[in-house]
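Undergrad: Sending over a structure as structure tokens; questions will come in a sec.
Numbering (my numbering), first residue to last: 247 to 927.
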């Protein structure tokens, strides 16, 4: 049933940022309404700000807290004449005080009322509530106000292992598994500390841990007239540390009969609180007994993974949220909802899987998002986007849909392969390995699967072909010779252009562990470099097929450059040194009594962090092993030291936020040891 796209509000403010703000703005515009964005200073040039018709700057108490300032957000809505606020997800989306503040200001909150938010926002209260409505629950202890001793006493009759969960929590924070009763006291104490620090509420509850659990959630829509329907389920079992990584719809484990039962349970949950709007009811399903399910919680907002439901139903969930909030009755009955095909979503994060999924920071220098049949990308990225540590590191969601699951997974793999993000490290290689794992392809999923198969994954650095490509591009990017020397000589005096086969380059790559992988490359004179986009190139030789690559120069100075490269098999930052830099390193290595090339003269940060101390200054004489910079990251100090003797130049300062691979210092050999002063052979 098609609905008219006439405006249901005049102006909608989106109290969020990033890809979800862009996603909501798209539907607001499609429905003919004005979109207002809000932002804090780090987001001043963000895509959601550029897409909106108007944008309001929020007070910068801190980069993130502006989005949590209820008074400021409501004031921005009043100032811009917004008659509705869409909260997206996260931030204020499930905040009952925010819903009340909107009501006091005469502004429609796109979501349920405050009572539903409060009931479903507390895990203990929600379980008691839905249990009374007949929704099946897991065995557990969910009484507020119990001390650790009382919880231990009541847990004596439970079946172990058990899962400890904060009542006010989300995103897996504070969740701990106790394998036996004697482990419970220590686990409870730890969970309380984390819950209090994360949520300001240390109330805990305990549930029996379900073996081989699958996370299945049901999308519901409920209007203000008592109508509730479900739009099928999503399988969200591929999680890492209780955070979803891959989601799909529908679940491969449910039969049609179980799908109808779990859908009805979700509708009963919504009816029990007179729910209004779009919501998601989450269930645990045992892989060993997929016909049995248990209520976990209800998310009273749009979910990150909502696109897969939209793709298999053809229903725009944001549009439905807006129409329901405006008082319209549901345009669909349960019988009219049909699930067509299969859809899978992958969350692309700025992180380094090989380094324990540490966040990656930087500026997006090149971006090419995939497209094609069955491919959708929800993103808040653009070239120039600054990725810091203030917000969640999710960059984009890549969604692929097909007539069946294998086709959807194949399309997703191809889309991820073609997604170019340069300037930060991403988890794209990890996602591709995950969706191509034979167990994932077979649909044998559970919430502990990723942790089990992670040790089997491989995160290789560049190969010889990638080094060759990088060196060729770096040579292509070098300034043209400006010299009065005879034709064919470069201005550095080191290499005859008449003998291109002798042009050498050294390529190095810093691994996640801080080591370097090194390649010596001799450039192929027959390679032709053709620029076909801003940062897109075709490399071809008579003997091989043409290779399409993306590359951006990160830093460039005499003798050396750093290049972000995207090749068919690799994406990352490479350092390329010319003959003069190579010879300098070789001479220094010989003087130091070592074989081969010595460490790169640039000292780079091995991970994103904060500069805590710089014990030397530019111009100081340093020795190999001297501490140059101390970076704090992940609550640990990392000392960066001089690779060899020489004069230091510092490129950072205390308190600076630095990104992975950022050059913080460099070493120049002493003048009397500099190979430029050596007599010619």
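All C-beta atoms, glycine included, are put in the ideal place defined by N, C-alpha and C. Bear in mind the structure is a predicted one, so any value in this text is a computation, not a measurement.
What span of residues does the beta strand (DSSP E) with residue 526 cover, start to end?
TA: Position 280 of the chain shown, counting from 1, holds the residue named residue 526. For residue 526, the enclosing beta strand (DSSP E) begins and ends at 523-532.
Undergrad: On the three-pair Cβ rule with 8 Å, is the stretch 818-825 touching the stretch 865-875?
TA: no
Undergrad: Which residue wins for smallest C-alpha separation from residue 632, given the options 262, 706, 287 and 579?
TA: Position 386 of the chain shown holds residue 632. Residue 287 is the option with its Cα nearest to residue 632.
Undergrad: What does DSSP give as the partner residue(s) for residue 578 in the beta ladder?
TA: Within the chain shown, residue 578 is the residue found at index 332, counting from 1. Note: residue 578 sits in no beta bridge, so no partner.
Undergrad: Give the secondary structure of residue 274 by DSSP, where H, G and I count as helix, E and B as strand, and everything else as coil.
TA: Here residue 274 refers to the residue found at position 28 when the chain shown is read from its first residue. The answer is helix: DSSP assigns residue 274 an H, G or I state.
Undergrad: With burial defined as no fewer than 16 other Cβ atoms inside 10 Å of the residue's Cβ, what is the status of residue 778: buried or exposed?
TA: Position 532 of the chain shown, counted from the first residue, corresponds to residue 778. Exposed.
Undergrad: Hey, how far is the Cα of residue 650 from the Cα of residue 588?
TA: Here residue 650 refers to the residue found at position 404 when the chain shown is read from its first residue. Here residue 588 refers to the residue found at position 342 when the chain shown is read from its first residue. One C-alpha to the other measures close to 5 Å.
Undergrad: When the Cβ atoms of the stretch 400-410 are set against those of the stretch 449-461, are three or more pairs found closer than 8 Å?
TA: Result yes; three or more Cβ-Cβ pairs closer than 8 Å.
Undergrad: Can you tell me whether residue 977 is buried or exposed? The criterion is at least 16 other CB atoms within 10 Å of its CB, across all chains shown.
TA: Because the chain here runs from 247 to 927, residue 977 falls outside it and cannot be looked at.
Undergrad: If you count every other CB in all the chains shown that lies within 10 Å of the CB of residue 791, and 16 or more means buried, which is it?
TA: Position 545 of the chain shown holds residue 791. Exposed is the call here.
Undergrad: In chain order, what residues of the same chain lie with their CB nearer than 6 Å to the CB of residue 914, ignoring the 5 residues before and after it?
TA: In the chain shown, counting from the first residue as 1, residue 914 sits at position 668. Result list for residue 914: 892 and 893, in chain order.
Undergrad: Is the CB-CB distance between residue 680 and residue 484 below 8 Å?
TA: Numbered from 1 along the chain shown, position 434 holds the residue referred to as residue 680. Numbered from 1 along the chain shown, position 238 holds the residue referred to as residue 484. Closer than 8 Å, so yes.
Undergrad: Could you check how far apart the C-beta atoms of residue 643 and residue 708 are, in whole angstroms? I think they sit under 8 Å.
TA: For the purposes of this step, residue 643 is taken as the residue at position 397 of the chain shown. For the purposes of this step, residue 708 is taken as the residue at position 462 of the chain shown. In fact, because the Cβ distance is near 27 Å, the residues do not count as touching under 8 Å.
Undergrad: Spell out a yes or no on whether the stretch 436-444 and the stretch 458-470 are touching, meaning 3 or more CB-CB pairs, one atom from each, closer than 8 Å.
TA: With contact defined as three or more Cβ pairs closer than 8 Å, the stretch 436-444 and the stretch 458-470 are not in contact.
Undergrad: Residue 721 to residue 713, Cα distance in whole Å?
TA: Locating residue 721 in the chain shown gives position 475, where the first residue counts as 1. Locating residue 713 in the chain shown gives position 467, where the first residue counts as 1. Residue 721 and residue 713: Cα-Cα distance of roughly 12 Å.
Undergrad: Would a C-beta distance cut-off of 8 Å place residue 715 and residue 813 closer than the cut-off?
TA: Residue 715 sits at position 469 when you count from the first residue of the chain shown. Residue 813 sits at position 567 when you count from the first residue of the chain shown. Yes, Cβ-Cβ distance for residue 715 and residue 813 is below 8 Å.
Undergrad: Leaving out the 5 sequence neighbours to the left and right, which residues in its chain are closer than 8 Å to residue 936 when beta-carbon positions are compared?
TA: Since the first residue shown for the chain is 247 and the last is 927, residue 936 is missing from the structure and cannot be characterised.
Undergrad: Here's the rule I'm using: 16 or more other beta-carbon atoms within 10 Å means buried, otherwise exposed. How should residue 427 be labelled?
TA: Within the chain shown, numbered from 1, the residue matching residue 427 stands at position 181. Burial call: exposed.
Undergrad: Go through its chain and collect everything with a Cβ distance to residue 907's Cβ below 6 Å, but skip five positions before and after it.
TA: As a first step, residue 907 is located in the chain shown; it is residue number 661 there, counting from the start. Counting only Cβ-Cβ distances below 6 Å, and skipping sequence neighbours, we find 819 and 850.
Undergrad: Would the beta-carbon of residue 769 fall within 8 Å of that of residue 829?
TA: Reading the chain shown from its first residue, position 523 is the one you call residue 769. Reading the chain shown from its first residue, position 583 is the one you call residue 829. Not a contact, by the Cβ cut-off of 8 Å.
Undergrad: Using CA atoms only, rank isn't needed, just tell me which of 520, 617, 295 and 474 is closest to residue 579.
TA: Locating residue 579 in the chain shown gives position 333, counting from the first residue. Nearest of 520, 617, 295 and 474 to residue 579, Cα basis: 474.
Undergrad: So, for residue 296: in the same chain, excluding its five sequence neighbours on each side, which residues have a beta-carbon less than 8 Å away from its beta-carbon?
TA: Start at 1 with the first residue of the chain shown, and residue 296 comes out as number 50. The beta carbon of residue 296 sits closer than 8 Å to the beta carbons of 628 from its chain, once the five residues preceding and following it are set aside; these are given in chain order.
Undergrad: Under the three-state reduction of DSSP, which class applies to residue 914: helix, strand or coil?
TA: As a working mapping, residue 914 is identified with position 668 in the chain shown. It is a strand residue.
Undergrad: Nearest CA to the CA of residue 773: which residue from 786, 624 and 765?
TA: Here residue 773 corresponds to residue number 527 of the chain shown, with the count starting at 1. Cα-wise, what sits closest to residue 773 is 786.
Undergrad: Can you pull the DSSP bridge partners for residue 493?
TA: Taking the first residue of the chain shown as 1, we reach residue 493 at position 247. Answer is 591, bridged to residue 493.
Undergrad: Are there 16 or more other CB atoms within 10 angstroms of the CB of residue 469, so buried, or fewer, so exposed?
TA: Within the chain shown, residue 469 is the residue found at index 223, counting from 1. Classification for residue 469: buried.
Undergrad: Should residue 732 go down as buried or exposed, given a rule of 16 or more other Cβ atoms within 10 Å for buried?
TA: In the chain shown, residue 732 corresponds to position 486, counting from 1. Reliability fails at residue 732, whose pLDDT of 37 lies under 50, so the model's placement of it is uncertain and no value is given.
Undergrad: Closer than 8 Å is the cut-off here; do at least three beta carbon pairs connect the stretch 610-617 with the stretch 265-282?
TA: Not touching, per the Cβ criterion.
Undergrad: Out of 603, 376, 809 and 268, which one is the CA nearest neighbour of residue 700?
TA: As a first step, residue 700 is located in the chain shown; it is residue number 454 there, counting from the start. Closest option to residue 700, Cα to Cα, is 603.
Undergrad: Quick check: what's the CA-CA separation for residue 378 versus residue 463?
TA: As a position in the chain shown, residue 378 is number 132, starting the count at 1. As a position in the chain shown, residue 463 is number 217, starting the count at 1. If you take the alpha carbons of residue 378 and residue 463, they lie about 20 Å apart.
Undergrad: On the CB-based measure, 16 or more other CB atoms within 10 Å of its CB, does residue 624 come out buried or exposed?
TA: By one-based count along the chain shown, residue 624 stands at place 378. With 16 or more Cβ atoms within 10 Å of its Cβ, residue 624 is classed as buried.
Undergrad: Using only alpha-carbon positions, find the residue among 348, 847, 540 and 689 that is nearest to residue 384.
TA: Within the chain shown, the letter at position 138 stands for residue 384. With distances taken between Cα atoms, residue 384 lies closest to 540.
Undergrad: How long is the line joining the alpha carbons of residue 425 and residue 341, rounded to whole angstroms?
TA: For the purposes of this step, residue 425 is identified with residue 179 of the chain shown, where counting begins at 1. For the purposes of this step, residue 341 is identified with residue 95 of the chain shown, where counting begins at 1. Taking the straight line joining both Cα atoms gives about 34 Å.
Undergrad: I'd like to know if the stretch 605-612 and the stretch 553-570 are in contact, where contact means that at least 3 CB-CB pairs between them fall below 8 Å.
TA: no
Undergrad: Pull up the distance between the alpha-carbon of residue 242 and that of residue 574, whole angstroms please.
TA: Since the first and last residues shown for the chain are 247 and 927, residue 242 lies out of range.
Undergrad: Suppose the cutoff is 6 Å on Cβ atoms and the five residues either side in sequence are ignored; what does the same chain contact list for residue 912 look like?
TA: Taking the first residue of the chain shown as position 1, residue 912 is located at position 666. Excluding sequence neighbours, residue 912 sits near 847, 848 and 895.
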